[in-house]
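Report on one structure; see the data block that follows.
Residue numbers (the numbering used here): 187 to 703.
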């Protein structure tokens, strides 16, 4: 018989031997296919810096759905298949985030739940956020989301041409209130020295500065981290100045909103909020109070400001404006959605969340618009923690893993005629796969229930009382060629959209909308 100590040693030796064997076997295998690079610089000149999801999709027609590129020794694996992405990115070894010098070390956004490494800090943020945003907990947000949808209709009634700004403000207001408990009654509502408009504007400005920084390969400093030490005045060091501005804005926003939430808790006009609820509890025993509050601050900042995650303002604004674009592009679909709304809701009241289960075609149209153009076409990159073997290829430890959501949505193997806008694909006994717009595995968006609720009530409310037409300011019909911005969150580029009342009764419903709640 072996002594227990000998068994432990034997297990350890066998484990090490297995790991060595696996690494040697992996290193002997080829890397996934991809464009042929050049000495030293590898695929630098192949890398697309604008709307990369489109050329990546073209590459997949040549190299397959699992591709590899390398830039100055940095391994990047691009996945264009849902099945492959889903099976790999659900594993813990694929749940890390890339160490991006620009957005992480220079801009200091690594503590956010979006970019934090796979470790204890991220797990703590995920745990407290998940308990506040799961399917059951998200029900508590529905009344405020309904109210802000009604207020949005009133704004569109007066200023229909400013629909994007109105949508962004309505969503931002709702997230600020529910996250921080800061009551906002108008764009001039003030908390901790900030007005509501200030918060929305600051969030938007921060997003504009950092949205490219979260895409691997956008800045040379991510490839050559030593560049972060050069002074701002040095030629070509514009990225340092950009990072300084983004860091200041981000800290200003995250710290300012958190401080305002603390003050709001002691106010007679305080609201229930995620931050207030968490601060009122003692927190995990293994964390000090300071550590707990730091975790809450960055979890909250991730929801509203930092990177504007998929439950946040920019990505949800993109989802809603893309939906409106599809309604203008496909008027027959718009009419069918409105016919369903009329049949279920009628013309004498506005939609509520109670109607949602009875509006399958509207739900299918929302799913199809998310497939038509996802708000984050390249998702958010993951990082492989250890060597892996996939489909006979070696994926090196430390590789950046990029899921091409847009390519998955346009995959002919997954969708019949993917270029067609067809909500019916999600109806019937064998509905199509829903677009993976909310991510994969442990890193999937925690705000999915909040976000989908916001999208539903916003578009249902708009289409119940307004018609959308592809017309210019003079009322002339125009042809639209849909186009989208690049960057982390992709928005429709400005398009003609004339918003008019469906009837005079619609105007009366809008004016009385908030009083009915």
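Every residue, glycine too, gets a C-beta built ideally from N, C-alpha and C.
Put residue 589 into one of helix, strand or coil per three-state DSSP.
Correct three-state label for residue 589: strand.
Residue closest to residue 176, alpha-carbon to alpha-carbon, out of 244, 403, 429:
For residue 176 there is no data in the structure shown, the boundaries of the chain being 187 and 703.
Contact between the segment 520–529 and the segment 541–549 is defined here as three or more beta-carbon pairs at a separation below 8 angstroms; is this criterion met?
Yes: at least three Cβ pairs fall under 8 angstroms.
Rounded to a whole number of angstroms, what is the C-alpha to C-alpha distance between residue 577 and residue 598?
So the alpha carbons of these two residues sit roughly 21 angstroms apart.
What three-state label does DSSP hand residue 317 in the structure shown?
Residue 317: helix per DSSP, three-state reduction.
Taking the CB atoms as reference points, tell me whether residue 484 and residue 298 lie closer together than 7 angstroms.
The Cβ atoms of residue 484 and residue 298 sit closer than 7 angstroms to each other.
Start and end residues, alpha helix (DSSP H) containing residue 581
Counting along the chain, residue 581 sits inside no alpha helix (DSSP H); it lies in the beta strand (DSSP E) bounded by residues 579–581.
Go through its chain and collect everything with a Cβ distance to residue 271's Cβ below 8 angstroms, but skip five positions before and after it.
Once the five neighbours on either side are set aside, the close Cβ partners of residue 271 are 265, 589, 594, 622, 626.
According to the Cβ coordinates, are residue 363 and residue 353 closer than 7 angstroms?
No. Outside cutoff.
Who are the Cβ neighbours of residue 290 in its own chain at under 8 angstroms, not counting the five residues just before and after it?
Here the set comprises 296, 301.
Can you give me the Cβ contacts of residue 474 inside the same chain, cut-off strictly under 6 angstroms, excluding the 5 residues immediately before and after it?
Excluding sequence neighbours, residue 474 sits near nothing in its chain.
Is residue 180 buried or exposed, if buried means 16 or more other CB atoms sit within 10 Å of its CB?
No information on residue 180 is available, as it lies outside the stretch 187 to 703 that the chain covers here.
Counting along the chain, where does the beta strand (DSSP E) carrying residue 261 start and finish?
Here the beta strand (DSSP E) through residue 261 covers 260–265.
8 angstroms contact criterion, which residue 611 and residue 554 should meet: CB distance rounded
The pair is a contact, with the Cβ atoms about 7 angstroms apart (cut-off 8 angstroms).
May I have a chain-ordered list of the alpha helix (DSSP H) segments no shorter than 4 residues that lie completely inside the segment 434–472?
Annotation note: the segment 434–472 contains the following uninterrupted alpha helix (DSSP H) runs of length 4 or greater, listed N- to C-terminal: 460–465.
Spatial distance of residue 540 from residue 332 (CA atoms)
Whole-angstrom Cα-Cα distance: 11 angstroms.
Which of the three DSSP states, helix, strand or coil, is assigned to residue 652?
If DSSP states are grouped into helix, strand and coil, residue 652 belongs with the strands.
Which term fits residue 497, buried or exposed, when burial requires 16 or more other beta carbons within 10 angstroms of its beta carbon?
The predicted position of residue 497 is uncertain, since its pLDDT is 42 and thus under 50; no value can be drawn from it.
Tell me which residues share the same chain as residue 486 and place their Cβ nearer than 6 angstroms to its Cβ, disregarding the 5 neighbours each side in the sequence.
Within the same chain, Cβ atoms closer than 6 angstroms to the Cβ of residue 486 are found at 365, 461, the five residues on either side in sequence being excluded.
Backbone secondary structure at residue 368 - three-state DSSP:
If DSSP states are grouped into helix, strand and coil, residue 368 belongs with coil.
Alpha helix (DSSP H) segments (min. 4 residues) lying fully within the segment 213–259
Look at the segment 213–259 and you find these whole runs of alpha helix (DSSP H), each 4 residues long or longer: 239–249.
Could you tell me the boundaries of the alpha helix (DSSP H) in which residue 413 lies?
First-last for residue 413: undefined, no H or E at that position.
Taking all protein chains shown into account, do 16 or more other C-beta atoms lie within 10 angstroms of the C-beta of residue 586, making it buried, or fewer, making it exposed?
So residue 586 counts as buried.
DSSP bridge partner residues for residue 566 (one or two, in chain order)
Looking at the DSSP output, residue 566 shares a beta bridge with no other residue.
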